[in-house]
Structures are given as C-alpha cells and as structure tokens.
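In my numbering, the protein residues as written are 637 to 987. Here's the structure we're looking at; comments come further down.
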Ligand SMILES: NC(=O)c1ccc[n+]([C@@H]2O[C@H](COP(=O)([O-])OP(=O)(O)OC[C@H]3O[C@@H](n4cnc5c(N)ncnc54)[C@H](O)[C@@H]3O)[C@@H](O)[C@H]2O)c1
C-alpha cells in the first residue's frame with residue numbers, strides 16, 4: 637500500500653481541525669468526505685482539495701479509493717456509522733467517546749473483530765508528549781505502587797453551543813463526563829496501566845445548561861432548540877481490583893477561579909506526578925528536602941504525538957495502537973457505571 641486513503645465521515649468542528657493533521661502524514665491522503673450538511677461538506681472539500689464529496693455514507697463506503705474512515709459525528713451516530721464502515725471493509729478511527737453507552741461500544745468492537753479491521757479511538761490526550769513522559773516513568777517503576785489518582789477536567793463556562801446535539805441525552809448519551817471527563821479518565825487509566833475497575837460511585841449535576849447559562853461555544857451543528865438534559869458537572873470515585881482508587885471530576889460549567897483546569901495527578905509510594913505539564917514530586921536522595929521536578933526528562937514512545945499518525949502507521953503495520961479497543965471498553969464501562977450510580981444513588985459493581 638503506497639498511501640492510506642482516508643474518507644472523512646463528518647465535516648464538523650473537529651474534522652475541520654483534524655483534516656490538516658491527517659494530511660501531515662506523508663503516507664496519508666484524504667480521498668473523500670461525507671456530511672449530511674452539504675454546505676459544510678463542500679467547504680471542507682474545497683479547503684483541502686479533497687477529490688470527492690459523497691452525498692451518502694454508503695457512496696463513500698463503496699469507493700475503492702477509501703481504505704479507512706475517520707468518523708467525527710454526533711455520538712448518536714457513532715455505532716451505526718462505525719459498524720457500517722467496518723462491515724464495508726474499512727479501517728475505522730472513531731473519535732471519542734466510544735459510543736452512547738457500553739452496549740453500543742461492544743457492538744462496534746464485535747463488528748471490528750468480525751471484519752478483522754483496525755478500530756481505534758480518538759483518545760488524543762494519551763499522545764501528548766507530557767502524558768507519554770509520565771507513562772514511561774510509571775512503566776519504569778519510578779512512582780512505586782500507584783494507589784490513588786485524581787483526574788479532572790473542569791471548565792468554568794464551556795458548555796458546547798446550547799441547543800445542539802451535545803446538550804441532549806438522546807443525541808449525546810451524556811454531558812461533560814462523556815465529552816471531556818472521558819479524556820482524563822482514559823488518560824488516568826493509561827498512565828496507571830490499571831484496567832480492572834471493581835466499583836464506582838458517582839454524582840452528576842445539571843445546574844447551568846438547564847438555566848441557559850455556561851455556554852462556551854464549541855460545535856458547528858445547527859441549533860435546533862434541543863433541550864439541555866445532560867450533566868454539566870460530574871464527580872465519581874472508582875475502585876480497582878488491587879485496591880487503588882481514582883477520583884474523577886468533570887465540568888462544562890462551574891463557579892471557579894480560572895476558565896479551565898485539567899490534569900491527572902498520580903500518587904505513588906515512591907513519588908507523585910502531574911501530567912499537564914509533566915512534573916514529579918518526591919524526596920530526592922541527591923538533594924536536600926522535597927523536590928518538585930518540572931524539567932522531566934523521559935523517553936517518548938511516539939514522537940509524532942498524534943492519533944492520526946498512529947492510526948495510519950498501524951494500518952501500514954509499522955506501529956502498535958496506543959489505544960486498544962479493550963481499554964476503551966473499560967473506560968466506557970466506568971462511565972456507564974457513573975451514570976447508573978447517579979440514577980440509583982448507589983455504588984455500582986463493575987467486576
Ligand atoms: N478528540 C477530541 O478531542 C474531540 C474534540 C471535539 C469533538 N470530538 C468528537 O467528535 C465528534 C464530532 O464533534 P464536533 O465537535 O465536530 O461536532 P459538530 O457538531 O461540530 O460536527 C458534527 C458534524 O457531523 C455532521 N453529522 C451529523 N449527523 C451525521 C450523519 N448521520 N452522517 C454524517 N454526518 C453527520 C454534522 O452535520 C456536523 O457537520 C463527537 O463525537 C465529539 O465528541 C472529539
């Protein structure tokens with residue numbers, strides 16, 4: 637295969653950002669684009685001189701010059717479009733979250749297995765050089781036993797445009813937890829390399845969007861006055877089989893001191909770490925007292941630091957996926973558990 641030829645399914649806000657990233661790979665070409673919004677599809681086609689605009693997804697999937705697709709559409713369409721693409725024999729990079737819920741994610745995973753095609757998820761935070769540095773320090777045992785972590789992505793006024801698909805359970809599956817909490821939860825499990833959650837207790841709140849407040853402006857989809865019925869702040873504690881715990885907080889809107897805070901903090905028996913930026917906290921045997929090390933030096937496995945590079949390289953057979961389907965299913969399972977815990981008021985067994 638000379639070039640991996642990619643079709644874009646969805647020409648919205650993130651596809652517009654990511655098309656250029658795909659084209660940075662010397663062995664990738666974008667050969668087709670499809671969006672239900674013809675005007676947006678044509679704009680993206682023209683902006684990147686994409687040779688084909690396809691009026692239907694079926695027309696794109698029937699093309700011989702499309703080896704793989706990048707799917708970036710509202711969450712409601714992740715499962716039907718990913719399954720369709722896999723059944724048509726295309727490799728799939730599906731942007732996050734995996735799906736509306738675990739059952740849908742499992743269906744997509746099954747379709748990939750049966751079609752024997754590559755399925756990857758758009759967990760871009762894992763690729764950041766700072767994340768990769770901390771991952772390699774953890775893998776080398778630099779933190780000792782990690783027994784607790786705090787993962788958070790809190791925005792003060794960051795609800796995607798009110799009235800769009802992001803704001804309703806029927807089209808998004810969930811709110812801030814599924815939209816941005818998923819990033820730091822995934823990153824936290826990746827850094828800890830702990831994929832065995834046994835229980836979760838969570839609380840979700842919807843205090844701003846439901847009052848028409850807290851809008852941030854992301855998203856291009858048409859506003860259709862869809863009512864806001866998802867979480868704009870979520871907090872949860874996850875317990876793991878080895879006794880470790882993770883506390884996770886996500887908000888699209890909350891009264892707080894700064895516009896945005898996100899990080900994953902790891903607490904180990906030998907040292908602690910923060911991720912954004914990479915830093916280490918430990919008693920340094922070579923220095924007096926306690927050290928906060930900010931110029932963290934560690935190897936980075938994927939220097940390109942990019943999910944599209946990794947996807948293309950996996951198709952070319954020269955790299956392993958940084959994000960596996962099995963890991964992504966664990967993350968989706970925890971998120972399902974958080975929402976169930978909130979509904980029932982009880983801890984949810986994930987074992
Ligand atoms: N990895 C990340 O950091 C990241 C960032 C932003 C968004 N995303 C994810 O990408 C996806 C898209 O988000 P966005 O911000 O681009 O949303 P958006 O609303 O800006 O764009 C969505 C696009 O999908 C199109 N669309 C809707 N239904 C479709 C269908 N059935 N078939 C084809 N096209 C359809 C819309 O017309 C629109 O152009 C979401 O799942 C979101 O969670 C990931």
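Glycine included, every Cβ here is placed at the ideal spot set by N, Cα and C. None of these values were measured; they are calculated from a predicted model.
Straight-line spacing of the CA atoms in residue 946 and residue 958 works out to 7 Å.
In this structure, the C-beta of residue 876 stays at least 7 Å away from each heavy atom of ligand 1.
As DSSP reads the structure, residue 684 sits in no beta bridge. In the DSSP assignment, residue 910 falls outside any alpha helix (DSSP H) and lies within the beta strand (DSSP E) extending over 908-910. Counting along the chain, residue 904 sits inside the beta strand (DSSP E) bounded by residues 896-904. With respect to residue 661, residue 643 sits apart: the two C-beta atoms are not nearer than 8 Å. Here residue 912 is near residue 766, since their CB atoms are less than 8 Å apart.
Of the heavy atoms belonging to ligand 1, at least one sits nearer than 7 Å to the Cβ of residue 676.
In this structure, residue 872 sits away from residue 744, with a CB-CB distance that is not shorter than 8 Å. Membership of residue 759 in any alpha helix (DSSP H) is not indicated, and neither H nor E is assigned to it by DSSP. The alpha carbon of residue 969 has as its nearest neighbour, out of 832, 804, 851, the alpha carbon of 832. Taking 7 Å as the cut-off, one finds no heavy atom of ligand 1 near enough to the beta carbon of residue 702. In this structure, residue 827 lies away from residue 717, with their beta-carbon atoms at least 8 Å apart. With contacts defined by Cβ atoms closer than 8 Å, residue 856 and residue 646 do not form a contacting pair.
Apart from sequence neighbours up to five positions away, the residues of its chain that approach residue 965 with a beta-carbon distance below 8 Å are 734, 738, 741, 742, 745, ordered along the chain.
With the rule of 3 Cβ pairs closer than 8 Å, the segment 883-897 counts as touching the segment 782-792.
The alpha carbon of residue 917 has as its nearest neighbour, out of 761, 875, 770, 874, the alpha carbon of 770. DSSP, read as helix, strand or coil, puts residue 838 in strand. Residue side-chain check: residue 760 places its Cβ nearer than 7 Å to a non-hydrogen atom of ligand 1.
Cβ neighbours of residue 900 within its own chain (closer than 7 Å, five residues either side excluded): 785, 787, 820, 823, 824, 827, 911. Residue nearest to residue 963 within the set 908, 759, 930 is 759 (criterion: CA-CA distance). With contact defined as three or more Cβ pairs closer than 8 Å, the segment 833-841 and the segment 860-872 are in contact. For ligand 1, no non-hydrogen atom lies closer than 7 Å to the CB of residue 789. Residue environment analysis places residue 736 among the buried positions, since at least 16 neighbouring C-beta atoms fall within 10 angstroms of its C-beta.
Residue side-chain check: residue 960 keeps its Cβ at 7 Å or more from all non-hydrogen atoms of ligand 1.
Taking C-beta separations shorter than 7 Å and ignoring five residues to either side along the sequence, the partners of residue 720 in its chain run 693, 697, following chain order.
Inclusion of residue 727 and residue 703 in the CB contact set at 8 Å is warranted, their separation being smaller than that value. Cβ-Cβ distances below 7 Å link residue 986 to 833, 834, 835, 836, 969, 970, 973 in the same chain, with the five nearest sequence neighbours on each side left out; the list follows chain order. Beta bridge pairing from DSSP links residue 876 with 833.
Ranked by Cα distance from residue 907, the first of 776, 981, 941 is 776. Residue burial is scored here from C-beta neighbours: residue 715 has at least 16 other C-beta atoms within 10 angstroms and is therefore classed as buried.
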